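Quick note: the sequence shown uses our numbering, first residue 11, plus one each step. In what follows, a single structure is set out as structure tokens and then discussed.
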Amino acid sequence: MTFKEVANRITGISIPVFGISWNPPKLERQIAEKVIVYLEDKRILYNPYELEVPKHCIESISQIRVFLTEQLYDVERGSELGNILRAMRDACRKLLDMLTMNDVHITNAYDIGLGTQMVFYSGVGELRGVFGILIAKLLVMHGIDCESNLVTILPLQYLED
11 MTFKEVANRI TGISIPVFGI SWNPPKLERQ IAEKVIVYLE DKRILYNPYE LEVPKHCIES
71 ISQIRVFLTE QLYDVERGSE LGNILRAMRD ACRKLLDMLT MNDVHITNAY DIGLGTQMVF
131 YSGVGELRGV FGILIAKLLV MHGIDCESNL VTILPLQYLE D
């Protein structure tokens, strides 16, 4: 355990009888790594559109929202990690709200009309763009490695400058 990890866990010192309060909260790096590992398996973020079933994509986006909310319980409000997770969750909500507002109902897993495809896939493209930027921030902030599939949505040309 490094000094930084120890310092993050110490919550107080009592005097005159010397003592240290110890509260083992989850470190932000661990939470960020957990989020990256979870998102690496979410095909909605990187698979070619034609390989995805829209109905399953909507379910996956809802699952991502729930997962991000669960992670926020362990993150300090106002922290950079908390802001990133909230922005990711907001992007999921925005897509789901947009689909609802445009009355996009995907009942059949494969057969959707051209108009519905345009609305759905443009929304997914926006979601991927937002997630790409936010995932890149997480990776750089916490020094986390990432699987190649998820890397495909990162704005690497901007990170190299």
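Even for Gly, the Cβ is constructed at its ideal location relative to N, Cα and C. The structure displayed is predicted, hence computed values, not measured ones.
Classify Gln1 as buried or exposed, calling it buried when 16 or more other Cβ atoms lie within 10 Å of its own Cβ.
Here the chain has residues from 11 to 171 only, and residue 1 is not among them.
Considering Cα atoms alone, identify which of Ile94, Tyr56, His66, Lys104 is closest to His152.
Counting from one through the sequence shown, the residue named residue 152 turns up at place 142. With respect to the C-alpha of His152, the residue from Ile94, Tyr56, His66, Lys104 having the closest C-alpha is Ile94.
Does the distance from the C-beta atom of Glu38 to that of Leu82 stay below 8 Å?
For this step, residue 38 is matched to residue 28 along the sequence shown. For this step, residue 82 is matched to residue 72 along the sequence shown. Going by C-beta atoms, Glu38 is not nearer than 8 Å to Leu82.
DSSP-derived helix/strand/coil call for Leu37
Counting from 1 along the sequence shown, the entry for residue 37 is found at position 27. DSSP places Leu37 in coil when its eight states are reduced to three.
In whole angstroms, what is the alpha-carbon distance linking Gly142 and Thr110?
Walking along the sequence shown from the start, residue 142 turns up at place 132. Walking along the sequence shown from the start, residue 110 turns up at place 100. One C-alpha to the other measures close to 24 Å.
If you check the beta carbons only, do Leu148 and Ala101 fall under 8 Å apart?
Sequence index remark: in the sequence shown, residue 148 carries index 138 (1-based). Sequence index remark: in the sequence shown, residue 101 carries index 91 (1-based). Cβ atoms of Leu148 and Ala101: not closer than 8 Å.
Return the first residue and the last residue of the alpha helix (DSSP H) that Ser89 is part of.
Locating residue 89 in the sequence shown gives position 79, where the first residue counts as 1. Counting along the chain, Ser89 falls outside any alpha helix (DSSP H), and DSSP gives it neither H nor E.
Roughly how many angstroms separate the alpha carbons of Ile154 and Leu164, rounded to a whole number?
Counted from its first residue, the sequence shown places residue 154 at position 144. Counted from its first residue, the sequence shown places residue 164 at position 154. Between Ile154 and Leu164, the C-alpha separation is close to 14 Å.
Rounded C-alpha distance that separates Asp84 from Val129
In the sequence shown, residue 84 corresponds to position 74, counting from 1. In the sequence shown, residue 129 corresponds to position 119, counting from 1. Computed Cα separation, rounded: 35 Å.
Taking DSSP as the reference, what is the three-state secondary structure of Leu156?
Looking up residue 156 in the sequence shown gives position 146. Checking the displayed sequence, the identity of residue 156 turns out to be Cys instead of Leu. In this structure, Cys156 counts as coil in the three-state DSSP scheme.
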